[in-house]
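Colleague:
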Amino acid sequence: MTDNGFVKAQSDNLPKIDAFMMTTYFASNPDFTSAEVKGVKAARSQRESYGDSAVGYVQIKREGNLCVVKARITPEHNVRQKSYAVQAVCDEAEETVISVECLDCAAHLGGCKHAIAFLAWLHRRSEDPPSTSIECYWKKSKLSSVGTSLKFIKAKDICKAPKVNPASNSSSTGNFLTVVKNNCVSVGDTNNHLMKFYQSPNNAERLSIHHLILASKATNPVEFVEYCKLVMSTEACEQAELITKDQNDCPLWHELRYGRITASKAYEAAHCKVLDGSLTENILGATKLKDTEAMKRGRFLESQMGKVLCTA
Numbered sequence: 002m003t004d005n006g007f008v009k010a011q012s013d014n015l016p017k018i019d020a021f022m023m024t025t026y027f028a029s030n031p032d033f034t035s036a037e038v039k040g041v042k043a044a045r046s047q048r049e050s051y052g053d054s055a056v057g058y059v060q061i062k063r064e065g066n067l068c069v070v071k072a073r074i075t076p077e078h079n080v081r082q083k084s085y086a087v088q089a090v091c092d093e094a095e096e097t098v099i100s101v102e103c104l105d106c107a108a109h110l111g112g113c114k115h116a117i118a119f120l121a122w123l124h125r126r127s128e129d130p131p132s133t134s135i136e137c138y139w140k141k142s143k144l145s146s147v148g149t150s151l152k153f154i155k156a157k158d159i160c161k162a163p164k165v166n167p168a169s170n171s172s173s174t175g176n177f178l179t180v181v182k183n184n185c186v187s188v189g190d191t192n193n194h195l196m197k198f199y200q201s202p203n204n205a206e207r208l209s210i211h212h213l214i215l216a217s218k219a220t221n222p223v224e225f226v227e228y229c230k231l232v233m234s235t236e237a238c239e240q241a242e243l244i245t246k247d248q249n250d251c252p253l254w255h256e257l258r259y260g261r262i263t264a265s266k267a268y269e270a271a272h273c274k275v276l277d278g279s280l281t282e283n284i285l286g287a288t289k290l291k292d293t294e295a296m297k298r299g300r301f302l303e304s305q306m307g308k309v310l311c312t313a
């Protein structure tokens, strides 16, 4: 039952607590300006996910301009513990908060987080959009129900935050990249780094092994070589020769050397008679090759010489 002179609090009889009233009270009250309270702890206590699930059994009484609101708030560190009594007094005519206090917890004399959470809860109820239905706040808090009739509570059920769908990034002219690409074409700036990803490769660029692999539909080496013969025309090779005369200073020169495939490597491969020699290692990179007969003999003699020296 409610206390003497109090009535059950509802969405239509709570006092209006705006952000200015709340800020003024905290700034003028020495209990809430200490370094212990005014930092992270105060911000955590005001969060919606705690206050909306911890406050319950709210009752209200009005005497002239004064409005007294009482409630029970569940401590978040021990939800099975008895709820703390909190009380707020405000002057509705002057639009000021006179006092907010917790009456039960050990830190209530110096201004505790439960008082902050309760005042923040009153402020959020003042900011709630008008509704045709009336909600009664004389009820058990969600947090205090955990472990009794409610065995557990999901994070999404602690507070009923409205689901916000991300704004669509589409527009009448297409996405951002399409707009940028069209603007580059319209102003004639087609040599920037972005535009090279939207341009079709020229005949010289198609000689790159990277482009050849992507464009080819071959399923075996023979088919791939036949496709390369079609693309690697004499005109394309002459064009690539002219473009890559600067060698290291030319991006296409690095592109055509992709995979260590150069003209000298192609010449060596055409005349190479050894399957796993130094040319293979140079093209594929650092790889472990099979020992030759001479290498095996050298390792055997090295171990035998070590044994002889140890016994001598």
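Under the working numbering, residues 2 to 313 are what the sequence shown spells out, in order.
Just so it is clear, CB atoms sit at the ideal spot from N, CA and C, and this is done for glycine as well.
Report yes if the CB atom of Ala219 is closer than 8 angstroms to the CB atom of Ile244, and no otherwise.
Modeller: Contact flag unset, no.
Colleague: Count Cβ pairs between the stretch 102-110 and the stretch 9-24 that sit closer than 8 angstroms; are there 3 or more?
Modeller: The stretch 102-110, when compared against the stretch 9-24, does not touch it at the 8 angstroms Cβ threshold.
Colleague: I need the straight-line Cα distance from Ser217 to Ser201, nearest angstrom please.
Modeller: About 15 angstroms.
Colleague: Comparing C-alpha positions only, which one of Glu93, Val90 and Tyr85 sits nearest to Ala107?
Modeller: Nearest option by C-alpha distance: Tyr85.
Colleague: Taking the beta carbon of Ser209 as the centre, do at least 16 other beta carbons fall within 10 Å, making it buried, or is it exposed?
Modeller: Result: buried.
Colleague: How far does the beta strand (DSSP E) with Gln88 in it extend, from its first residue to its last?
Modeller: Tyr85 to Asp92 is the extent of the beta strand (DSSP E) around Gln88.
Colleague: Looking at the strands, I want to know which residues DSSP matches up with Glu64.
Modeller: Answer is Leu67, bridged to Glu64.
Colleague: Counting Cβ pairs closer than 8 angstroms, one from the stretch 175-193 and one from the stretch 110-126, do we hit at least three?
Modeller: Short answer: they don't touch.
Colleague: So the beta strand (DSSP E) Glu102 belongs to, where does it begin and stop?
Modeller: That run of the beta strand (DSSP E) goes Thr97 to Cys103.
Colleague: Taking DSSP as the reference, what is the three-state secondary structure of Cys185?
Modeller: Three-state result, Cys185: helix.
Colleague: Taking 7 angstroms as the limit between beta carbons, can you name the residues of its chain near Asp13, skipping five residues before and five after?
Modeller: Contacts found: Ile135.
Colleague: Figure out for me which residue from Leu67, Lys83 and Ala55 has the closest Cα to the Cα of Ile117.
Modeller: Comparing Cα positions, the closest option is Ala55.
Colleague: Under the three-state reduction of DSSP, which class applies to Ala72: helix, strand or coil?
Modeller: Three-state result, Ala72: strand.
Colleague: Give the secondary structure of Val275 by DSSP, where H, G and I count as helix, E and B as strand, and everything else as coil.
Modeller: Coil, per DSSP.
Colleague: Roughly how many angstroms separate the alpha carbons of Ser304 and Ala295, rounded to a whole number?
Modeller: Whole-angstrom Cα-Cα distance: 15 angstroms.
Colleague: Starting from Ser12, follow the alpha helix (DSSP H) in both directions and report where the run begins and ends.
Modeller: It is not in any alpha helix (DSSP H) - Ser12 carries neither H nor E in the DSSP assignment.
Colleague: Decide if Arg300 is buried, meaning its Cβ has at least 16 other Cβ atoms within 10 Å, or exposed.
Modeller: Exposed is the call here.
Colleague: Alpha helix (DSSP H) containing Gly299: first to last residue?
Modeller: First-last of the alpha helix (DSSP H) with Gly299: Glu294 to Thr312.
Colleague: If the criterion is Cβ atoms closer than 8 angstroms, does the pair Gln60 and Val8 meet it?
Modeller: Yes, they are a contact pair.
Colleague: Is the beta carbon of Leu15 sitting closer than 8 angstroms to the one on Arg126?
Modeller: Taking 8 angstroms as the Cβ cut-off, Leu15 and Arg126 qualify as a contacting pair.
Colleague: In angstroms with no decimal places, state the Cα-to-Cα distance between Ala156 and Ile74.
Modeller: Each residue's Cα considered, the two are about 19 angstroms apart.
Colleague: Specify the secondary structure class of Glu113 as computed by DSSP and reduced to three states.
Modeller: Glu is not the amino acid found at residue 113; the sequence shown has Cys there. Coil at Cys113, not helix or strand.
Colleague: Since Tyr199 is in the alpha helix (DSSP H), which residue starts that stretch and which ends it?
Modeller: Run containing Tyr199: none; DSSP gives neither H nor E here.
Colleague: Rounded to whole angstroms, what is the Cα-Cα separation between Ala1 and Ser142?
Modeller: As shown, the chain starts at 2 and ends at 313. That puts residue 1 outside it, with no answer to give.
Colleague: Where does Tyr1 fall in DSSP's three states?
Modeller: Past the edges of the chain, shown from 2 to 313, lies residue 1, and the structure says nothing about it.
Colleague: What residue does the alpha helix (DSSP H) around Gln82 start on, and which one ends it?
Modeller: Segment: none, Gln82 is in no alpha helix (DSSP H) and carries neither H nor E.
Colleague: Can the beta-carbon of His211 be found less than 8 angstroms from the beta-carbon of Tyr259?
Modeller: It is a contact, given that the beta carbons lie within the stated cut-off.
Colleague: With a Cβ-Cβ cutoff of 8 angstroms, do Ala270 and Leu280 count as a contact?
Modeller: Yes.
Colleague: Measuring CA to CA, which of Leu144, Asn203, Cys91 and Gln248 is closest to His78?
Modeller: Among Leu144, Asn203, Cys91 and Gln248, the Cα nearest to that of His78 is on Leu144.
Colleague: Assuming contact is defined by CB atoms lying nearer than 8 angstroms, are Glu93 and Asn66 in contact in what I supplied?
Modeller: For Glu93 and Asn66, yes; Cβs fall inside 8 angstroms.
Colleague: What's the call for Leu276, buried or exposed, on a 16-neighbour Cβ count within 10 Å?
Modeller: Looking at its Cβ environment, which holds fewer than 16 other Cβ atoms inside 10 Å, Leu276 is exposed.
Colleague: Tell me the DSSP secondary structure of Tyr138 in three-state form.
Modeller: Correct three-state label for Tyr138: coil.
Colleague: What's the gap between the Cα of Lys71 and the Cα of Glu128?
Modeller: Cα-Cα distance, rounded: 19 angstroms.
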